[in-house]
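Undergrad:
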Amino acid sequence: MKRGIVIGAVSFGLVLALIVGFRLEAAGLSVLVGVVCGVLATLPVSLVLLWALAREREARQRLEERRREAERPAAASPPVFILNSGRGTEMLPRANMPNVSLGGPRDFVIVGEEEQNLDASQGYTNGIKNH
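Listed below in structure tokens is the structure:
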């Protein structure tokens with residue numbers, strides 16, 4: 207049954223193509239051939255686009271699943287207790303503490319002049335000339 211339908215459809219198409227081919231002028235036939243070639247040329251691009259859209263849809267679904275899993279509430283975790291050592295505000299920095307730099311004396315190099323190191327023995331402290 208299916209084979210007969212396929213054979214009939216192909217036969218109808220061939221007969222129709224022959225009738226149209228014999229009755230059309232050269233200009234009409236060239237337009238028809240151009241349309242058929244244009245449609246055939248778009249098939250590979252259309253198939254690639256459909257494939258890319260299917261992959262993008264799958265990726266979007268996977269991302270949506272991961273997002274839903276991330277939004278699920280996690281298993282209840284045990285409570286966390288923070289015990290203060292009892293020192294209170296003693297550990298906070300004080301405003302009246304002097305600015306103490308850690309480490310030894312600092313050496314500075316002025317870029318663009320003769321290379322010389324500036325250190326505390328030449329009257330410089332933290333890169334500023336002491337007057």
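Basically our numbering = 1-based index in the sequence shown + 206.
All C-beta atoms in this analysis are idealised placements derived from N, C-alpha and C, irrespective of residue type, glycine included.
A quick note: this is a predicted structure, and the numbers were derived from the prediction, not measured.
1) How is the alpha helix (DSSP H) around A260 delimited, first residue to last?
2) Please state the DSSP three-state secondary structure of F216.
3) Going by the beta-carbon positions, is the gap between G244 and L235 smaller than 8 angstroms?
4) Between L238 and L230, is the Cβ-Cβ spacing less than 8 angstroms?
5) Give me the Cα-Cα distance between G240 and T248, rounded to the nearest whole angstrom.
TA: Inspection of the coordinates gives the following:
1) A232 to E277 is the extent of the alpha helix (DSSP H) around A260.
2) Contrary to the premise, residue 216 reads as Val rather than Phe in this sequence. V216: helix per DSSP, three-state reduction.
3) No.
4) In this structure, L230 lies closer than 8 angstroms to L238 by Cβ.
5) Distance from the CA atom of G240 to the CA atom of T248, rounded to whole angstroms, is 12 angstroms.
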